[in-house]
Amino acid sequence: MSLTTADILKKVRILEIKSKKLASDLFTGEYHSAFKGRGMSFKEVREYAAGDDPRFIDWNVSARFGHPFSKLFEEERELTVMLLVDVSASSLFGTVNTTKRELATEIAAVLAFSAINNGDKVGAILYSDTIEKYIPPKKGRTQGLYLVRQLLTHEPAQGGTGLGKALRYFNNTTRRKSIAFILSDFLDTGYDDALRVIGRRHDTVGIKIYDVMDQRLPDAGLLEVEDLETGRRQWVDTGSAFVRQEYEGEFFRITEYANNVFKKAGSDLLHLRTDEDYVKVLQRFFISRNRA
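Residue 3 in UniProt numbering sits at position 3 of the sequence shown, with consecutive numbering throughout.
This is the structure:
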């Protein structure tokens with residue numbers, strides 16, 4: 001069922017109110033502490049003074065003038081947050097509370113308004129197995145509302161998933177160091193190299209969103225199931241313990257793959273089931289970053 005303009009505006013407004021409240025009441029301090037100060041930009045050189053960190057001596061300038069000079073850095077006051085959101089067909093799946101796509105949209109809205117509350121820029125890349133939409137980073141409430149509206153209404157042209165392609169596109173379009181949140185069920189593979197490249201330049205955080213039935217099949221006898229991304233249908237005997245065990249084993253194999261790829265890239269990966277409280281998961285993550 002397609003949404004009317006009035007339905008869309010109502011949903012955007014509800015998400016804005018909820019997201020802004022969470023962003024201001026719960027996440028402002030944690031967000032600020034977790035990410036502010038991680039980006040430092042070069043300001044100037046000055047003559048070396050007692051107490052300066054010797055690691056920041058500018059040896060070229062020092063050699064030219066015959067005595068030591070130090071490089072000075074300042075905290076980058078303005079950050080850029082990019083949201084890479086998986087809008088492939090598998091994101092439409094959900095059996096408890098909400099679909100993966102709806103939950104990703106809500107989390108993206110909270111992250112967007114957390115950034116906006118701190119005066120940061122926020123942008124987004126919506127991807128399937130192609131780049132569906134690129135929203136350049138900007139500041140302000142209007143940008144937040146536009147981003148939320150696109151997440152709510154965008155209908156992907158393709159059904160598959162290609163995270164590697166989205167990461168390469170992000171790397172090519174985003175020169176300045178950014179905070180990249182990747183919201184996906186991470187069901188695809190082959191994004192190792194692309195993640196390692198952006199992990200060197202950007203502060204990268206994955207949020208794996210999954211449904212309880214992504215992990216476990218119910219014991220419900222013979223069921224006809226459809227792969228949302230390929231349209232392929234097949235009968236599955238969910239009454240077989242072996243079938244259920246193999247299904248769960250595949251979930252853990254693909255999850256372990258994502259864990260390893262993010263670890264090797266020096267990036268964080270959070271795991272969030274659709275029936276869990278994402279607020280607590282994000283809070284724990286922000287607080288752990290502050291202690292790191």
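Every residue gets a Cβ at the ideal spot worked out from N, C-alpha and C, and that includes glycine.
The structure presented is a predicted model; accordingly, all values stated were derived computationally and were not measured.
What whole-angstrom Cβ distance do residue i and residue j have, given they're in contact under 8 angstroms?
i: L79; j: I182; result: Going by Cβ atoms, the distance from L79 to I182 rounds to 17 angstroms, so no, they are not a contact pair.
i: V87; j: L126; result: 5 angstroms
i: G162; j: T130; result: 7 angstroms
i: V236; j: L223; result: 5 angstroms
i: H154; j: K133; result: 6 angstroms
i: D58; j: F65; result: Contact flag wrong, Cβ pair sits at about 10 angstroms.
i: L217; j: Y257; result: Actually they do not touch by this definition, with Cβ atoms about 20 angstroms apart.
i: T238; j: T98; result: 23 angstroms between Cβ atoms; not a contact.
i: A104; j: S90; result: Rounded, the Cβ-Cβ distance is 11 angstroms, inconsistent with contact.
Just reading off the beta strand (DSSP E) that residue i is part of, what are its end residues?
i: E226; result: L222 to E226
i: R233; result: R233 to D237
Going by DSSP, what residues sit across from residue i in a beta bridge?
i: I57; result: S70
i: F181; result: L83 and V205
i: K138; result: V122
i: V96; result: T98
If we call anything under 9 angstroms between Cβ atoms a contact, is residue i one with residue j?
i: V81; j: K121; result: yes
i: K18; j: E106; result: yes
i: D188; j: G160; result: yes
i: K208; j: L269; result: yes
i: V212; j: V96; result: yes
i: V85; j: A63; result: no
i: V225; j: Q215; result: no
i: A194; j: G164; result: yes
i: R151; j: I8; result: Correcting the residue type first, residue 151 is Leu in the shown sequence and not Arg. In this structure, I8 does not lie closer than 9 angstroms to L151 by Cβ.
i: L22; j: F113; result: yes
i: F170; j: I198; result: yes
i: Y191; j: V261; result: yes
i: N118; j: K20; result: no
i: E16; j: G144; result: yes
i: H202; j: T174; result: yes
i: R168; j: K264; result: no
i: G266; j: R200; result: yes
i: F251; j: A34; result: no
i: L83; j: A124; result: yes
i: V47; j: H67; result: One point to set straight first is that residue 47 is Glu, not Val, in the sequence displayed. Yes, Cβ-Cβ distance for E47 and H67 is below 9 angstroms.
For residue i, which of helix, strand or coil comes out of DSSP?
i: G123; result: strand
i: D211; result: coil
i: K264; result: helix
i: N175; result: Sequence check: residue 175 is Arg here, not Asn. Coil at R175, not helix or strand.
i: Y48; result: coil
i: R273; result: strand
i: E256; result: helix
i: K133; result: strand
i: F285; result: helix
i: D188; result: coil
i: D219; result: coil
i: S128; result: coil
i: G199; result: helix
i: S62; result: helix
i: Q158; result: coil
i: E250; result: helix
i: Y278; result: helix
i: S88; result: coil
i: M1; result: Confidence in M1 is poor, its pLDDT being 47 and thus under 50, which makes the residue's placement too unreliable to answer from.
Got a sec, what are the start and stop residues for the alpha helix (DSSP H) residue i sits in?
i: K18; result: T5 to L22
i: G144; result: R141 to T153
i: R101; result: K100 to N117
Give a yes or no on whether 9 angstroms exceeds the smallest Cβ distance from residue i to chain C.
i: E276; result: No chain C is part of this structure, which consists of one protein chain only.
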